[in-house]
Every structure is written in C-alpha cells, then in structure tokens.
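In our numbering, the protein residues as written are 1424 to 1498. We put the beta carbon where it would ideally sit given N, CA and C, even for glycine.
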C-alpha cells in the first residue's frame, strides 16, 4: 500500500488498506471486516484522517465482487 500511495503522490504519515472479495453487499463486507481483528483495527485506528472506498464487480471472475478501503493521514 505504501508504494502505491507514494506513486500516486500521496504524502502521508499513516496509510493502510482493507480488501475483501466475494461479498455481494457493502453490509456483508463491513461485517466481515469488523469481525476480523486486523481489519477492525484499521477501521478504528484514530490516526487515520481520510478514507476512500472502491468496488468492482466482474461476473466472469471467481469471487465476482471486490472491495477495498484505503486509509490515510496526510503529512
């Protein structure tokens, strides 16, 4: 994640991400992340000041649904 943030020109003091695949709804994805210690830690980390979400659906792929949360705090 840090390499991608740097390549995009994002100057950060903290950066992280959560990814998931296979869940057809946002609610299912958030439940999965909140049930995982590491993902939950990212969501609740007080140092993160900014967040971005991404989603893509590809019916021909094994998991069909792909989700990402990107967290950061600018310098």
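Next on the checklist: For the beta strand (DSSP E) containing residue 1492, name the first residue and the last one.
Outcome noted: Where residue 1492 is concerned, the enclosing beta strand (DSSP E) stretches over 1488-1497.
Checklist entry - Once you ignore the five residues that flank residue 1497 on each side, which residues in its own chain have a CB closer than 8 Å to its CB? => result Within the same chain, residue 1497 has close Cβ partners 1433, 1434, 1435, 1436, 1472, 1473.
Item to check | Cβ-Cβ separation, residue 1445 to residue 1486 (assumed contact under 8 Å), whole Å | outcome: 4 Å
Checklist entry - For residue 1395, which beta-bridge partners are listed by DSSP? => result Past the edges of the chain, shown from 1424 to 1498, lies residue 1395, and the structure says nothing about it.
Item to check | Whether residue 1490 touches residue 1460 by CB criterion (8 Å) | outcome: no
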